[in-house]
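Encoded as structure tokens, the structure appears first; notes follow it.
Numbering (the numbering used here), first residue to last: 149 to 249.
Dropping the structure here:
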């Protein structure tokens with residue numbers, strides 16, 4: 149659904165103005181928490197860092213009642229994270245945790 153001309157005009161007008169109490173990272177994190185409530189934990193620098201970390205929840209903690217979200221491939225989930233943050237997310241990387249001996 150295309151935006152109306154008045155909405156587009158107001159978006160262009162506000163682009164150059166200072167927006168008080170507008171934190172796009174906080175909104176992005178909220179959207180991720182709503183979209184993936186049991187898939188991973190979110191980590192970020194609340195003081196203004198430019199990275200967000202995601203730690204996968206262990207399937208052992210969820211037990212036998214896993215929903216469809218838990219069955220998705222990690223690559224497809226990370227692709228969805230990039231889609232949710234389109235315009236805000238620069239890149240997405242999948243890092244494996246080192247094995248502790």
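Here a beta-carbon is modelled for each residue, glycine too, at the ideal position from N, C-alpha and C.
Beta-bridge partners of residue i, as assigned by DSSP
i: residue 195; result: DSSP, once it has assigned bridges, lists no residue as partnering residue 195.
i: residue 203; result: 189
Per-residue DSSP class, three states only, for residue i
i: residue 223; result: helix
i: residue 165; result: coil
i: residue 238; result: coil
i: residue 176; result: helix
i: residue 244; result: coil
i: residue 233; result: coil
Between the CA atoms of residue j and residue i - distance to the nearest angstrom
i: residue 202; j: residue 235; result: 19 angstroms
i: residue 161; j: residue 168; result: 15 angstroms
i: residue 237; j: residue 173; result: 10 angstroms
i: residue 186; j: residue 163; result: 35 angstroms
i: residue 183; j: residue 196; result: 23 angstroms
i: residue 193; j: residue 239; result: 17 angstroms
Where residue i falls, given that 16 or more other Cβ within 10 Å makes a residue buried
i: residue 233; result: buried
i: residue 115; result: No answer is possible for residue 115: the residues shown for the chain start at 149 and end at 249.
i: residue 166; result: exposed
i: residue 242; result: exposed
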